[in-house]
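A.B. asks: Going down the list, the protein sequences come from chains D and L. Take the first sequence: its letters are residues 1 to 303, numbered as in the working numbering. Take the second sequence: its letters are residues 304 to 561, numbered as in the working numbering.
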Amino acid sequence: MVDLKVKVHNLEFKNPITLASGTCGFAREMTDFFDPSLVGGFFLKGTTLKNRDGNAYPRMAETPSGMLNAVGLQNKGIDYFIENIYPEIIDYDTQLIINVNGSTVEDYIALTEKVNELDKIQGIELNISCPNVKEGGMAFGVSCPSAEMVTREVRKVYDKTLIVKLSPNVTSITDIAQAVEGQGADAVSLVNTFLGMAIEAETRKPKLSTITGGLSGPAIKPIALRMVWQVANAVKIPVIGMGGIMNAADAIEFMLAGASVVQVGTAVFKDPLVALQIIDGVKEYLERHNMNSVEELIGSLQL
Amino acid sequence: MPKKFVAEFVVVENRALNATNFLIKVKAPTLLPEIKPGQFVNVEIHEATDIFLRRPFSVFEVDYEDNTLSMIVKILGKGSGKLTEIKVGSKLSLVYPLGKSFTYPDKDDKILLVGGGSGVAPMLFLAKESGLPISQVDLILGARTSQDHVNVEDYAKYASLHYASEDGSLGEKGFVTQHSVFTTNLKNYTKIYACGPDGMMRAVAKHAKDAEVYCEVSLENLMACGFGVCLCCIEPTKNGNQCVCTDGPVFNINELKW
Ligand SMILES: Cc1cc2nc3c(=O)[nH]c(=O)nc-3n(C[C@H](O)[C@H](O)[C@H](O)COP(=O)(O)OP(=O)(O)OC[C@H]3O[C@@H](n4cnc5c(N)ncnc54)[C@H](O)[C@@H]3O)c2cc1C
Ligand SMILES: Cc1cc2nc3c(=O)[nH]c(=O)nc-3n(C[C@H](O)[C@H](O)[C@H](O)COP(=O)(O)O)c2cc1C
Ligand code: FES
């Protein structure tokens, strides 16, 4: 029996396979397909202090081996979550992590304080990397001083596990990772989507209402993997890896590169059950390689 | 217990209905859940190597005894084109059943079903399922020319059939909304249902509004997931942005901002 458990700071995951924010709703949508207790956890849809309608349609464009999205953090706000969604998901026997978003530092703080009251939610993923909002979002995640500032201020009001989600749209992702580590982040997760663009030549129009959007899926995997590898080598805190994971082999590669936990995102759209297959595949790999636990796999890249 | 499923179906029939529309029937590996008109499936098209996401198609017919369902696929681009080339015996992965169905008519209703392009499938399904006598069901199909029409004569036992074509080669000349069923007494109907190109549905909705007749339309917004998690398929409604894949694809026109 291989041991699939992993710990990221104080968060215990029963296995290292989780679903990425924005690709699994608020977890309950996935229960139409499978028992939520089977996966390591859910990173819930990006939540803001107040209701956000998100961007205009069209918000999606398929691209070679991936897609662009410009959802723009549509959600009904944290109070709606607490009153209407949280009670429905409170008994799920898995980790539920809220993806926290703001236009200002004050937003991030106010939102975090509300999340702090929720016993079931033992960690937050601080999203300073959303490329699809005009204010805040990625702006915080692309410079060291602003990334440090948000992390520091949120850290002051939050004692549970603080995961900072990094943007790949930077010159040096290791600099940002070290900057947030320095301000007390308990873990980093990466990568968010890459800023991209698609044009419909016949009509000479952009395919997204926002012109640019975030690229995800297998198209980004090699870059995401490189970034996870670099960051895992640059920080002491755990790294949560994602970007184009489609199957168990991809997940294992991210763990070899140093990810303690992985998130499956866009792949869920193609196959809502993909996380379960990845869990089986990881288990099978560990057995075949005579490893007793996932911990032995993490960062075990042979150079 | 799961309510939605992902499974490999086997293609048991692939038949051209005309130059661009194909009927594809697939057999499920396990018992099919109940599927109603307006609901759809999301199909992975392995053969189309240059596309990434699944493609949504309305369910056209369900046979619970054979455990098969079929869809009418119109060739539009890369994915649908490859799908219509699929061989009998091939596997096809479906996510199903998705979306909400049309509201079934009451036994006293007189209904008008309007189908255009690939939107004929759910209209025919609804005609069959409505349980109403033919005298209470009118079905009108619109197309550019007689060649673009799918032969639906089999459905004459469920509905009175009417045709409109832009060149007048089948039925009345013009768009469906220029057809006499629309221009004579639309108020005779108690419910209108429509599925087809956006422009057609908007025109139908406008006529229904003017005549103050209850009307439901089925939207075909671009989708990534098809089950309500990506929020890509939204339609602005009077209740805010709604997901076409889970809140729809069927909407009462009074909810829409058309
Ligand atoms: C709920 C639902 C039910 C549907 N039911 C049917 C059906 O029963 N039969 C059928 O033939 N089709 C149906 N469609 C439409 C079908 O999904 C598209 O035709 C298909 O996705 C096109 O894929 P493609 O790879 O061939 O086209 P692509 O190569 O991806 O695109 C070709 C062109 O078509 C446009 N396009 C792509 N998808 C759509 C869409 N959903 N709506 C409008 N334009 C689009 C693209 O923007 C592009 O210009 C349905 C769509 C939805 C959302
Ligand atoms: C439709 C869509 C919506 C997303 N929404 C969010 C979000 O709300 N918050 C967030 O931190 N990341 C969001 N992401 C980014 C994913 O969580 C993930 O970082 C990214 O897609 C890369 O992983 P993937 O290639 O496996 O999808 C979203 C991605 C997609 C495709
Ligand atoms: S297609 Fe993903 S939410 Fe509708």
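C-beta atoms are modelled at their ideal positions from N, C-alpha and C, and glycine is treated no differently. These numbers were taken from a predicted model, which means no experiment stands behind them.
Give me, in chain order, the residues of the same chain whose beta-carbon lies closer than 7 Å to that of glycine 309 (chain D); leave out the 5 immediate sequence neighbours on both sides.
C.D. replies: The displayed coordinates of chain D run from 1 to 303. Any statement about residue 309 (chain D) would go beyond what the structure contains.
A.B. asks: Per DSSP, leucine 11 (chain D) forms a beta bridge with which residues?
C.D. replies: Stepping through the first sequence from its first residue, residue 11 (chain D) is reached at position 11. The partner list for leucine 11 (chain D) (beta bridge, DSSP) reads D:Val8.
A.B. asks: Taking DSSP as the reference, what is the three-state secondary structure of histidine 510 (chain L)?
C.D. replies: Here residue 510 (chain L) corresponds to residue number 207 of the second sequence, with the count starting at 1. Three-state DSSP puts histidine 510 (chain L) in a helix.
A.B. asks: Taking only heavy atoms of ligand 3 into account, decide whether any of them is closer than 7 Å to the Cβ of glycine 529 (chain L).
C.D. replies: Mapped onto the second sequence, residue 529 (chain L) falls at position 226. True, at least one ligand heavy atom lies under 7 Å from that Cβ.
A.B. asks: Any idea what DSSP makes of serine 463 (chain L), helix, strand or coil?
C.D. replies: Stepping through the second sequence from its first residue, residue 463 (chain L) is reached at position 160. Here serine 463 (chain L) sits in strand by DSSP.
A.B. asks: Would you mind reading off the limits of the alpha helix (DSSP H) that contains asparagine 233 (chain D)?
C.D. replies: Reading the first sequence from its first residue, position 233 is the one you call residue 233 (chain D). Asparagine 233 (chain D) -> alpha helix (DSSP H) spans 221-234.
A.B. asks: Can phenylalanine 530 (chain L) and aspartate 32 (chain D) be called in contact, C-beta distance under 8 Å?
C.D. replies: Counting from 1 along the second sequence, the entry for residue 530 (chain L) is found at position 227. Counting from 1 along the first sequence, the entry for residue 32 (chain D) is found at position 32. Their beta carbons are under 8 Å apart, which means phenylalanine 530 (chain L) touches aspartate 32 (chain D) by this criterion.
A.B. asks: Since asparagine 116 (chain D) is in the alpha helix (DSSP H), which residue starts that stretch and which ends it?
C.D. replies: Residue numbering aside, residue 116 (chain D) sits at position 116 when the first sequence is read from its first letter. First-last of the alpha helix (DSSP H) with asparagine 116 (chain D): 105-116.
A.B. asks: Verify the CB distance criterion: does leucine 386 (chain L) have a CB-CB separation below 8 Å to chain D?
C.D. replies: Locating residue 386 (chain L) in the second sequence gives position 83, where the first residue counts as 1. So, not an interface residue.
A.B. asks: List the residues of chain L whose Cβ lies closer than 7 Å to the Cβ of tyrosine 86 (chain D), in chain order.
C.D. replies: Residue numbering aside, residue 86 (chain D) sits at position 86 when the first sequence is read from its first letter. Per Cβ cutoff of 7 Å: no residues; tyrosine 86 (chain D) is ~18 Å from chain L at best.
A.B. asks: In the DSSP assignment, what are the bridge partners of asparagine 132 (chain D)?
C.D. replies: By 1-based counting over the first sequence, the position of residue 132 (chain D) is 132. Paired residue(s): none; asparagine 132 (chain D) is not in a bridge.
A.B. asks: In chain order, what residues of the region 522-548 of chain L put their CB closer than 9 Å to some CB of chain D?
C.D. replies: Asn524, Leu525, Met526, Ala527, Cys528, Gly529, Phe530, Gly531, Val532, Cys533, Leu534, Cys535, Cys536, Ile537, Glu538, Pro539, Gly543 and Asn544
A.B. asks: May I have all residues whose beta carbon comes closer than 5 Å to any heavy atom of ligand 1, sorted in chain order?
C.D. replies: With 5 Å as the limit, the residues whose C-beta approaches a heavy atom of ligand 1 more closely than that are L:Phe343, L:Arg358, L:Pro359, L:Phe360, L:Ser361, L:Val376, L:Lys377, L:Leu379, L:Gly380, L:Lys381, L:Gly382, L:Ser383, L:Ser421, L:Ala424, L:Glu523 and L:Pro552, in chain order.
A.B. asks: In chain D, what lies closer than 9 Å to glutamate 347 (chain L) by C-beta?
C.D. replies: If you number the second sequence from 1, residue 347 (chain L) lands on position 44. Neighbours of glutamate 347 (chain L) on chain D, chain order: Lys270 and Asp271.
A.B. asks: Can you list, in chain order, the residues of its chain with a C-beta nearer than 6 Å to that of valine 547 (chain L)? Leave out the 5 residues immediately preceding and following it.
C.D. replies: Against the second sequence, residue 547 (chain L) aligns to sequence position 244. Taken in chain order, the residues that qualify are Leu522, Asn524, Cys536 and Glu538.
A.B. asks: Closer than 6 Å by C-beta to lysine 160 (chain D): which residues in its own chain qualify, once you throw out the five before and the five after it? Chain order, please.
C.D. replies: Within the first sequence, the letter at position 160 stands for residue 160 (chain D). The residues are Gln122 and Gly123.
A.B. asks: For tyrosine 80 (chain D), decide whether its Cβ has a neighbour in chain L, counting only Cβ atoms nearer than 8 Å.
C.D. replies: To locate residue 80 (chain D), count along the first sequence from 1; it is residue 80. Not one chain L Cβ lies under 8 Å of tyrosine 80 (chain D).
A.B. asks: Mind checking whether the beta-carbon of valine 288 (chain L) lies closer than 7 Å to any heavy atom of ligand 3?
C.D. replies: Residue coverage of chain L in this structure runs from 304 to 561, which leaves residue 288 (chain L) outside it and unanswerable.
A.B. asks: Can you tell me which of D:Phe194, D:Leu208 and D:Glu153 puts its alpha carbon nearest to the alpha carbon of glutamate 200 (chain D)?
C.D. replies: Along the first sequence, one-based indexing puts residue 200 (chain D) at 200. The shortest Cα separation from glutamate 200 (chain D) among D:Phe194, D:Leu208 and D:Glu153 belongs to D:Leu208.
A.B. asks: Within the present structure, is the beta-carbon of lysine 494 (chain L) separated from the nearest heavy atom of ligand 2 by less than 7 Å?
C.D. replies: As a position in the second sequence, residue 494 (chain L) is number 191, starting the count at 1. No, Cβ of lysine 494 (chain L) sits at least 7 Å from all heavy atoms of ligand 2.
A.B. asks: For the beta strand (DSSP E) that contains arginine 358 (chain L), what are its first and last residues?
C.D. replies: Within the second sequence, the letter at position 55 stands for residue 358 (chain L). Per DSSP, arginine 358 (chain L) belongs to the beta strand (DSSP E) from 358-361.
A.B. asks: Can you give me the Cβ contacts of leucine 586 (chain L) inside the same chain, cut-off strictly under 6 Å, excluding the 5 residues immediately before and after it?
C.D. replies: Any property of residue 586 (chain L) remains undetermined from this structure, which presents chain L solely from 304 to 561.
A.B. asks: Report the CB separation of asparagine 101 (chain D) from leucine 68 (chain D) in whole angstroms; it is logged as a contact under 8 Å.
C.D. replies: As a working note, residue 101 (chain D) is residue 101 in the first sequence. As a working note, residue 68 (chain D) is residue 68 in the first sequence. Between leucine 68 (chain D) and asparagine 101 (chain D) the Cβ distance is about 19 Å, and since that is not below 8 Å, they are no contact.
A.B. asks: Taking arginine 66 (chain D) as the query, report the chain L residues whose CB atoms sit under 7 Å from its CB, ordered along the chain.
C.D. replies: Residue 66 (chain D) sits at position 66 when you count from the first residue of the first sequence. The amino acid at residue 66 (chain D) is misidentified as arginine; the sequence shows glycine. The contacting residues are Phe355.
A.B. asks: Which residue spans inside the region 358-390 of chain L form an unbroken alpha helix (DSSP H) run of at least 4?
C.D. replies: 381-386
A.B. asks: Please report the residue range of the beta strand (DSSP E) in which alanine 179 (chain D) lies.
C.D. replies: Locating residue 179 (chain D) in the first sequence gives position 179, where the first residue counts as 1. Counting along the chain, alanine 179 (chain D) falls outside any beta strand (DSSP E), though it belongs to the alpha helix (DSSP H) covering 173-182.
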